[in-house]
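1 is the number of the first residue of the sequence shown in UniProt numbering; add one for each residue after it.
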Amino acid sequence: MSSTRTDPVDAVEAARAAFARGEPVLIHDAADREGEVDIVYPAAAVDPDAVSRLRNDAGGLICVALSDGVAETWELPFLADALEHPAAEAAHLDYDDRSSFSLPVNHRETFTGITDDDRALTIRELGAAADAADDGEFDADAFAEAFRSPGHVTLLRGAPNLLADRRGHTELGLALAAAADREPAAVVCEMVDGETGEARTPADARAYAEREGLVYVEGRDLLTRLG
């Protein structure tokens, strides 16, 4: 993959094919939004090595984005709506109308929930459960039997119409999952520069993708092709 701008059609197709294989993809949302690059995985493909990559090479918050349909099936609230505290606020962002944050969870078979093994288990099981829920086979009671909250993997609720409603990494990851015929659950984690503490620049993230043999794609190209 060249460090110059990849043809948008080729980049989106490469991202779709990589995601279908269970491989991570780097997605830059937009310079006029968060302006961040996330490493994004299909949830069911995450193993402890993937969590290690997210911790060490990305460094942001490891979250699992769920489709609106799955979130509704599991009766998942927006966290800001569920908290009865004066600090809870639904509309406080400079770059969007609201946060996608829902409950933080652990799978019930984890111990502390924070180790690479524990988080990988939680994430994989979320992926499998989301796939089952999408087929009408995993309801809110089953979710509560399998997962507990609070935990160490934060859930995100995708917008009902995905990119037609919202253009965050939550929706970009879920739209890519749908295009790749994957489960409606995608792991997203922001890339943070280890030296500056700021978001990794798109150029640095693209260079990382090239070194690691991963696909980098611009959010605007996903919007054009998948929106």
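All residues carry an ideal CB built from backbone N, CA and C; glycine is no exception.
If you look at E218, you'll find it isn't in any alpha helix (DSSP H); it sits in the beta strand (DSSP E) that goes V215 to E218.
Remark: C-beta atoms of A180 and A20 approach each other more closely than 8 Å. DSSP places I123 in the helix class (H, G or I) of the three-state scheme. Counting every other CB atom within 10 Å of its CB across the protein chains shown gives E145 a total below 16, marking it as exposed. Burial state of T224 is exposed, judged by a 10 Å Cβ sphere holding fewer than 16 other Cβ atoms. For T154, the enclosing beta strand (DSSP E) has its first and last residue at F147 to R157. Contact holds between the region 145 to 156 and the region 61 to 69, because three or more Cβ pairs, one in each stretch, are under 8 Å apart. L61 carries a coil assignment under DSSP once its states are collapsed to helix, strand and coil. Listed as beta-bridge partners of N106 by DSSP are R148. For H169, the enclosing alpha helix (DSSP H) stretches over residues H169 to A179. For R108, the closest alpha carbon among the candidates S102, F101, I123 and G213 is that of I123. Straight-line measurement puts the Cα of L54 at about 16 Å from the Cα of H28.
Taking a 10 Å sphere around the C-beta of R211, we find fewer than 16 other C-beta atoms and assign the residue as exposed. Fewer than three pairs of CB atoms, one per stretch, sit closer than 8 Å, so the region 194 to 205 makes no contact with the region 75 to 88.
In this structure A205 is in contact with V37, their Cβ atoms being roughly 4 Å apart against a cut-off of 8 Å. A buried status is given to E190, since no fewer than 16 other beta-carbon atoms sit within 10 Å of its beta-carbon. Within the same chain, and ignoring the five residues on either side of S100 in sequence, the residues whose Cβ sits closer than 6 Å to its Cβ are L156, R157 and T170. Secondary structure note for V70: its alpha helix (DSSP H) is the uninterrupted segment D68 to T73.
In the DSSP assignment, E137 falls outside any alpha helix (DSSP H), carrying neither H nor E. The three-state reading of DSSP puts P77 in coil, since its state is none of H, G, I, E or B.
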